[in-house]
Structure formats: C-alpha cells, structure tokens
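S.K.: Each residue of the sequence shown is one higher than the one before, starting from 8 at the first, in the working numbering.
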Amino acid sequence: MFIGLDLGTSSLKAIVMNDVQDVLAEHRVSLSVSRPHDGWSEQDADDWFVAAEEALRALAAKVNCSTVTGIGLSGHMHGATLFDGADQPLRPCMLWNDTRAHVEAAAMDAEPQFRAVTGNIVFPGFTAPKVAWVKMHEPEVFARIAKVLLPKDALRLFLTGGHMSEMSDAAGTAWLDTGARDWSDDLLSACDLSRAQMPALVEGSDASGTLRPELAEILGARDVTVAGGAGDNAAAAIGAGVVRDGSAFVSLGTSGVLFAANDAYRPDPATAVHAFCHAVPDTWHQMGVILAATDALEWLSRVTGQSAAALTGDLGALAAPARTLFLPYLGGERTPHNDAQIRGQFLHLDHATDAQAMVRAVLEGVAFAFADCRDALASTGTRIDSALALGGGANSAYWLDVIATALDTPLDVPAAGDFGAALGAARLGMMAATGADMSIASAPPVARTHDPNRALTAAFSDAHLRYQQAYTVLKDL
Numbered sequence: 008m009f010i011g012l013d014l015g016t017s018s019l020k021a022i023v024m025n026d027v028q029d030v031l032a033e034h035r036v037s038l039s040v041s042r043p044h045d046g047w048s049e050q051d052a053d054d055w056f057v058a059a060e061e062a063l064r065a066l067a068a069k070v071n072c073s074t075v076t077g078i079g080l081s082g083h084m085h086g087a088t089l090f091d092g093a094d095q096p097l098r099p100c101m102l103w104n105d106t107r108a109h110v111e112a113a114a115m116d117a118e119p120q121f122r123a124v125t126g127n128i129v130f131p132g133f134t135a136p137k138v139a140w141v142k143m144h145e146p147e148v149f150a151r152i153a154k155v156l157l158p159k160d161a162l163r164l165f166l167t168g169g170h171m172s173e174m175s176d177a178a179g180t181a182w183l184d185t186g187a188r189d190w191s192d193d194l195l196s197a198c199d200l201s202r203a204q205m206p207a208l209v210e211g212s213d214a215s216g217t218l219r220p221e222l223a224e225i226l227g228a229r230d231v232t233v234a235g236g237a238g239d240n241a242a243a244a245i246g247a248g249v250v251r252d253g254s255a256f257v258s259l260g261t262s263g264v265l266f267a268a269n270d271a272y273r274p275d276p277a278t279a280v281h282a283f284c285h286a287v288p289d290t291w292h293q294m295g296v297i298l299a300a301t302d303a304l305e306w307l308s309r310v311t312g313q314s315a316a317a318l319t320g321d322l323g324a325l326a327a328p329a330r331t332l333f334l335p336y337l338g339g340e341r342t343p344h345n346d347a348q349i350r351g352q353f354l355h356l357d358h359a360t361d362a363q364a365m366v367r368a369v370l371e372g373v374a375f376a377f378a379d380c381r382d383a384l385a386s387t388g389t390r391i392d393s394a395l396a397l398g399g400g401a402n403s404a405y406w407l408d409v410i411a412t413a414l415d416t417p418l419d420v421p422a423a424g425d426f427g428a429a430l431g432a433a434r435l436g437m438m439a440a441t442g443a444d445m446s447i448a449s450a451p452p453v454a455r456t457h458d459p460n461r462a463l464t465a466a467f468s469d470a471h472l473r474y475q476q477a478y479t480v481l482k483d484l
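This is the structure:
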C-alpha cells in the first residue's frame, strides 16, 4: 500500500491506495491563510505538521495501513520556509501567491544569468525574491537561515528528519539550473546563499528518506520509504498520466494552470511560460499559470453572499460573451504578463447587469486568461490537441464549455475518481518503494468530452481580443 500527501493552500489531503492503485481511503485537514497586508499570503509550517499527523491517524483509523511501504509528497510550490540550525521555522512561510517581493524579483530578473540558467522569468511569487525580501526587511531572520525549504519539503523534514527536495519543485525557486537538474552555485551566491543552505536533490520517483519510527507506528507499518515527490502541478500530472510529450491538462483550482509535458528542455522566458523539470527523470514540462481561477469565483461569492455552487447553478446554455468583461487579476498575474501590481477589473457594467451576467463575465475572464496561456505556449512550439480538465472548477460543465470554446480545444473529464496531486504523490511513493517506472502513471478513463462550440468560436475570439485590449489599457493606469 502507498500513501499520497498533498499539501494544498486550503487543506492537506491524504489518500492511501493499494498495489493496483485503487484508492481505499482519504482524509482532508483544513488549513488557513494569513493575509496581513495587501499582496501578502502566509502559513505557519507547524500547522502543516499537525495536519499531517492528523491525516495519518485518520487513514489508519479507516483502513489497515500496516502494509504501507511508500509515501509520496506533493505541495504548493515557490513557498519560502526558512529554518534555523535546530530545524525550527524562523517565520511564517511566504506562499506562492505572495507578491510582496516584486521589487526584488525585478532586480533579479534584470540580471541575465537568472533567465539563462533557470529558463524562466524571476516572478515575485518564486522563492528566491522572497528570501531577498527577508534579507532586506528582516535581516535578523536572514542571518539565522540554516535551510531554505519548499513547503512539501518542510513537511518531509517533519516526516523523515531529512533536508531533501526534488527537481520539479526546486525548478520554481529561481536557483535551479533547470537543464542540468541541479542547484546553481552562481545564482545562490548572487543571493548571498550557499548550497549548504539548500536541501539535497533527488528525482521525484526516487527515495528521499524513511518515515520516522514514531509516525510509522501510527500506521502500524515499518520501513516506509518517502519519495522525492513533486510540486503540486507536476504531481497532478503524474496522477493524470500527463508524462509523455504533448499530453496536457487544464487545472481549475485556486490558481489556474495549463500544463504540457515535454520530452526535452524547451525554455523561452520571454513568453512568461514556466519551463520546469518534471517529477520523473529526463522529462520536463511547460506551464502557463494564472493566479486566480476558482479564487476569482470565490471572490464573487464573498461579494454577493451567494455560494459558488449557487452562482453557477443556473446559467443555461452556452452563449456568446456579453459586452461585460472581467479581468481576474485579483492579486497580480503571471503568464503572460508577469505583473504583480495589476489588479482585477469589471468593465462595461450598466443598469441591466445582474449577478448572473457578472458570474458569466468572471467565468469568461478566467477562460480568456487561459487563452493567453495557450498563446504563450504555442509561441514556444508546443501544440495541445486536447487536454484533461482537473480541479474543483472542473465540476462546472458550463465553465468547461466556456474554456473549451475560448481555447478552441476539447477538454476531457476523467471518469469518477481522484486523478490529482494526491494520487500522483502516491504513485511516486510506489515508484520509490518498489522500483516501478513511470508506466504506472497511466491516463484515466474519460467520462465525457467538452468540445468547443464552433458556432461561437468567432464571438469568443472577439471577446478575447477585447480582453487583451482592456489589459493594455489597465496596465497603464
């Protein structure tokens, strides 16, 4: 048996699967995010540790876990979790959607070596500029840093006592030589850091340590291997079988991701597309990332006092976009704009605009943000003929019709089951514990396909153009 732990922004999810990859039990522990200032987003690492132990106890109470031999880890990327020499957190972790370090990111990105070595723009949400922000604003904390760990690797420290990471997550720090799959001493030195302050690196499908005996005892197991694991999107790709060149998925989570697997390293930083290592050897991937997907709908839910399900429950048949536009830049944007300061907008509101029209505009705005990502990936030569639809937002058939039409790409919805990051993590745990190769990461059966509505293609293309024009105006205000 194998366990997958997925450290998400709003919860830690745990699953246990058997040798034929049937999920036998799952448990979720809620987590909260602190936003003390505009653009800030933090969590306490100690909360992750408490949640992990609770999740292991819950799984053991639901199913006999004595034959568990492997655990895989997944987690939200880019977080700066800083530890002292006694392995104690020095401050709350700055999360992936924390954009306070935009000045530091711009300064790093102006140094040609960062793009040349990492293959990526240095975004404000990446780890390196956050640590640079700490150096500038909290020098007493910076002086005490013994280890910089990504969130899932901080969780690994709790589980195994070791300082380890893997390639897919490390690629989002702005310190990794992505082509060579190793830390760059030059980039670390440029940030007044050293390799000694970084975790050692393994592939995501390799062993990274052994579960501490007191935690293994909770499961009633012995000698449990903990895999390298993956950043959340790479883990979701393993769970969905997106590991071969040209396979892809669209993820509608808190943030949004258009993800394509690659059989070679294909960087093009100018497009603001992420070119990262995948979680299995000799494989890379590209991602277009938007910072607010379901988060934009949840924002409207809070404003209107209606649940997201109520807002989207009676939208009827897909129609041509109305004149009302929504730009979903509630906390800045990544692909393709790399703009931490831009903020969201409703445009072309009038007396006839009602809540339903605003909901449609929000769903369409997120779809157009994905279309921007599609265009950025296409400029690197990546072609996507179809994609899996993953994440909580994929439960909305209307939203998938909108996105399929905006992308002019069929979206396949997996059959009942969990094919996300937790399953991907469990599969990596299986690889590490048994020596299985990536062939176990098969694609799920498809329940239904949302095809683009060709009768509305031109209308959606026109609305996307207006959306892009609105951004051009907004960014100059």
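Glycine residues also receive a C-beta, built at the ideal position from the N, C-alpha and C atoms.
Here the structure is a predicted model, which is why all the values come from computation and not from measurement.
Do the region 169-179 and the region 193-203 meet, that is, are 3 or more Cβ pairs less than 8 Å apart?
M.R.: no
S.K.: Checking 7 Å against the spacing of the C-beta atoms, do Pro417 and Asp458 come in under that value?
M.R.: yes
S.K.: Out of Ala153, Ala67 and His109, point me to the one whose CA is closest to Gln95's CA.
M.R.: Ala153
S.K.: Could you compute how far the alpha carbon of Gly253 sits from the alpha carbon of Arg390?
M.R.: 7 Å
S.K.: Have a look at Gly248, Arg350 and Thr331 and flag the residue whose alpha-carbon is nearest the alpha-carbon of Leu298.
M.R.: Arg350
S.K.: For the alpha helix (DSSP H) that Ser258 lies in, which residues bound it at each end?
M.R.: Note, Ser258: premise wrong, no alpha helix (DSSP H); beta strand (DSSP E) at Ala255 to Leu259.
S.K.: With DSSP as the reference, identify every bridge partner of Arg455, one or two as the case may be.
M.R.: Val420
S.K.: Spatial neighbours of Pro131 within its chain, please: CB distance less than 6 Å, with the 5 preceding and 5 following residues excluded, ordered by chain position.
M.R.: Thr106, Ala108, His109, Ala112 and Ala347
S.K.: What did DSSP end up calling Arg341 once you bin it into helix, strand or coil?
M.R.: coil
S.K.: Going straight from the alpha carbon of Phe266 to that of Val250, what length do you get?
M.R.: 10 Å
S.K.: Let's test the definition: count the other Cβ atoms within 10 Å of the Cβ of Val453 and tell me whether it reaches 16, buried, or not, exposed.
M.R.: Counting other Cβ atoms within 10 Å of its Cβ, Val453 stays below 16 and is therefore classed as exposed.
S.K.: What are the partner residues of Ser41, as DSSP defines its beta bridges?
M.R.: BP columns for Ser41 point to Glu49.
S.K.: Short of 7 Å in beta carbon distance, which residues of its chain neighbour Ala223, apart from the five on each side in sequence? Order them along the chain.
M.R.: Arg229 and Val231
S.K.: Who are Thr217's beta bridge partners in DSSP?
M.R.: In DSSP, Thr217 forms a bridge with Thr232.
S.K.: Let me check understanding here. Comparing Cα to Cα, which of Pro343, Gly295 and Ala411 lies closest to Thr479?
M.R.: Pro343
S.K.: Near Ala58, which residues of its chain fall below 7 Å by C-beta distance, leaving aside the five closest residues on each side in sequence?
M.R.: Leu19, Val36 and Leu38
S.K.: I'd like to check one pair, Val148 with Leu98: are the Cβ atoms closer than 7 Å?
M.R.: According to the sequence displayed, residue 98 carries Arg and not Leu. Cβ distance < 7 Å, so Arg98 and Val148 count as in contact.
S.K.: With 16 as the cutoff for other CB atoms within 10 Å, does Val75 come out buried or exposed?
M.R.: buried
S.K.: On the criterion of 16 or more Cβ atoms from any shown chain inside 10 Å, does Asp379 qualify as buried, or is it exposed?
M.R.: buried
S.K.: Is there contact here, the region 36-56 with the region 459-475, by at least three beta-carbon pairs under 8 Å?
M.R.: no
S.K.: Mind checking whether Asp469 and Thr387 have CB atoms under 7 Å apart?
M.R.: no
S.K.: Distance, Cα to Cα, Phe90 vs Ala394?
M.R.: Cα to Cα, Phe90 sits roughly 39 Å from Ala394.
S.K.: Determine whether the beta carbon atoms of Leu259 and Thr301 lie at a separation below 7 Å.
M.R.: Yes; because the gap between Cβ atoms is below 7 Å, this pair is in contact.
S.K.: On the DSSP bridge assignment, give the partners of Leu14 in chain order.
M.R.: Leu19 and Gly82
S.K.: Pro158 to Lys69, Cα distance in whole Å?
M.R.: 27 Å
S.K.: According to DSSP, simplified to helix, strand and coil, what is His109?
M.R.: helix
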